[in-house]
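Numbering (UniProt numbering), first residue to last: 1 to 405.
Below: the structure, in C-alpha cells.
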C-alpha cells in the first residue's frame, strides 16, 4: 500500500450523467475508465480471466495475467493489508487471498479478491502502486453496471489505511486534499481529478461534519433550502445525527439522484409545483417519479431556482454557504424528475430516458451535489468541502478535451 503523500492528475468526464476518471493500468498501460464515487472506499475494476464480467464499451477487460506489475496479496502474512474488520472482506486462509464482496444499494455487487497493481495518471504520467479489488464476478439483478466504465474508484474520506475505509484512494495516498470540477454532462467537456492540489481558486467553503460511526463518508450540514424566494420548512431532526450517529446528509458522487426523507420531499415537491407556471404535468409519470412535465413541443421552458445553504454554527457566529441551481437551462435528453424516497447510499442506477412527449421537471438534485460539491479538503477531522460550480473558471489549461476511448 502507498505510504506518504502521492500527487497525481488525471482526466474526468461525464458518461451518461455519471463522472468517470481515466487511468492506465499495469505494465501494459491498459486504459480504463472508473466511476468516481465519494460514497465508497474501495477501488476495484473488472479483472480477467473473469467468472462473470459485464461487457465494456470502450476498452477490453484488464487481464491480470498479462501485467508484469500485478501482485497477489497473501492475507496470511501480517503485512498483507487485508482489512478483515471492514464488512465484506475476508481472509480465505486455505487459498491465502483476501476475498471481498461489496454490495451497492441498487442491488448490484462486485466479488473478487484484493491485489496490488500500478496505476498511471494520464496527465502527469505519475505511477502509483495501490491495493485494488480484482473483480471476478460483477453481479446484477434488475439493475446492472454500466459498460461505460470498468469499475469504481472509491474516494471515501481519508482514514488510517490499516483501518476500515483504508482502501480508498485518499487513504492509500495519504491525500490531505483531492479536487475535481464537474462540467455539465451535456457539455461534451472534461476536467481533471487532482490529489494534493486544488487548481481552482475562489471556491466557496463549507465544513465537513465528522461522523465517528462512518468516518469515511463526506457528511455536510444542509441548513436551508429555498425554491425561488420560498423557504422549505425543515426540521433539524431530518438532517442532524441521532444519538447513534445515524442520519445526516452525505455527499455522494456515485448516486445519480439525491434522496430526501419522504415527509420533507412532499413539502419540497408541493412548493416546487406551485412555482411552476403554464407547463402541464404528465398524467401518468414513469415508475417512482411523481412530478414530470410535458415537452411543450420543444419550446424553451423555465423552472424555479433552488438554493441550497450549507451552514456552520458556532457559539458566536453562523456561517451560511449557498449553491444555486437554475432550472431555466435547456432540458437534457435524460429524465429530470423528483423521486420520492428516504434512503441514502451509493446507487448506480441511471434513470431511463423519457418517452416521447415527456420532459423532466424539477429533480432539484439530479446534478446538484454531484455538480457543485467539487473539491474536498480533509486536512483535519473537520475538513472542508469547497463548492465550485460547473462554470468555475479553472483556466485554459484545465479545459481538456474528452479522452478518446
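Backbone N, C-alpha and C define an ideal beta-carbon position, used for all residues, glycine too.
For residue 267, the uninterrupted alpha helix (DSSP H) segment begins and ends at 262–275. For the pair of segments examined, the segment 136–144 was found not to touch the segment 166–181: the number of CB pairs separated by less than 8 Å stays below three.
The shortest C-alpha to C-alpha distance from residue 98 to any of 106, 87, 108 and 105 is the one to 87. Remark: C-beta atoms of residue 222 and residue 157 do not approach each other more closely than 8 Å. In the three-state scheme derived from DSSP, where H, G and I count as helix and E and B as strand, residue 145 is classed as coil. For the alpha helix (DSSP H) assignment, the segment 47–92 encloses no uninterrupted run of at least 4 residues.
Each residue's CA atom was taken as its position, placing residue 165 and residue 31 some 26 Å apart.
Counting only residues of its own chain and dropping the five nearest sequence neighbours on each side, residue 90 has a CB closer than 7 Å to the CB of 84 and 99. Bounds of any alpha helix (DSSP H) do not take in residue 138; it lies within the beta strand (DSSP E) bounded by 127–139.
Our two residues, residue 130 and residue 172, have alpha carbons roughly 7 Å apart in a direct line. Residue range 169–173 is occupied by the alpha helix (DSSP H) that includes residue 169. Two segments are said to touch when three or more pairs of C-beta atoms, one from each, lie closer than 8 Å; by this definition the segment 232–239 touches the segment 262–278. Per DSSP, the unbroken beta strand (DSSP E) holding residue 103 starts and ends at 97–103. About 6 Å separates the Cβ atoms of residue 25 and residue 117, confirming a contact at the 8 Å cut-off.
The Cβ atoms of residue 252 and residue 153 do not sit closer than 8 Å to each other.
Residue pairing by DSSP leaves residue 296 without any beta bridge partner.
In the three-state DSSP reduction, residue 237 falls in the helix class (H, G or I).
Membership of residue 213 in any beta strand (DSSP E) is not indicated, and neither H nor E is assigned to it by DSSP. Cβ-Cβ distances below 6 Å link residue 140 to 108 in the same chain, with the five nearest sequence neighbours on each side left out; the list follows chain order. Under the three-state reduction of DSSP, residue 229 is assigned to coil, being neither helix nor strand. If you look at residue 281, you'll find it isn't in any beta strand (DSSP E); DSSP assigns it neither H nor E. The residues 99, in chain order, have a CB closer than 7 Å to that of residue 92 in the same chain once the five nearest residues on each side in sequence are set aside. One thing to note: residue 64 has its Cβ no nearer than 8 Å to the Cβ of residue 82. Beta-bridge partners assigned by DSSP to residue 163: none are found. Following the DSSP letters along the chain, one finds residue 301 in no beta strand (DSSP E), marked with neither H nor E. Judged by beta-carbon spacing, residue 138 lies within the 8 Å limit of residue 52, meaning their Cβ atoms are closer than that value.
Rounded to whole angstroms, residue 119 and residue 103 show a C-alpha spacing of 24 Å. Excluding the 5 residues flanking it on each side, residue 55 has same chain C-beta neighbours closer than 8 Å at 147, in chain order. Between the beta-carbon of residue 227 and that of residue 271 there is about 5 Å, and that keeps the pair under the 8 Å contact cut. Between residue 220 and residue 151, the alpha-carbon positions lie close to 26 Å from each other. Rounded to the nearest whole angstrom, the C-alpha separation of residue 254 and residue 18 is 7 Å. Rounded to the nearest angstrom, the gap between the Cα atoms of residue 126 and residue 155 is 18 Å.
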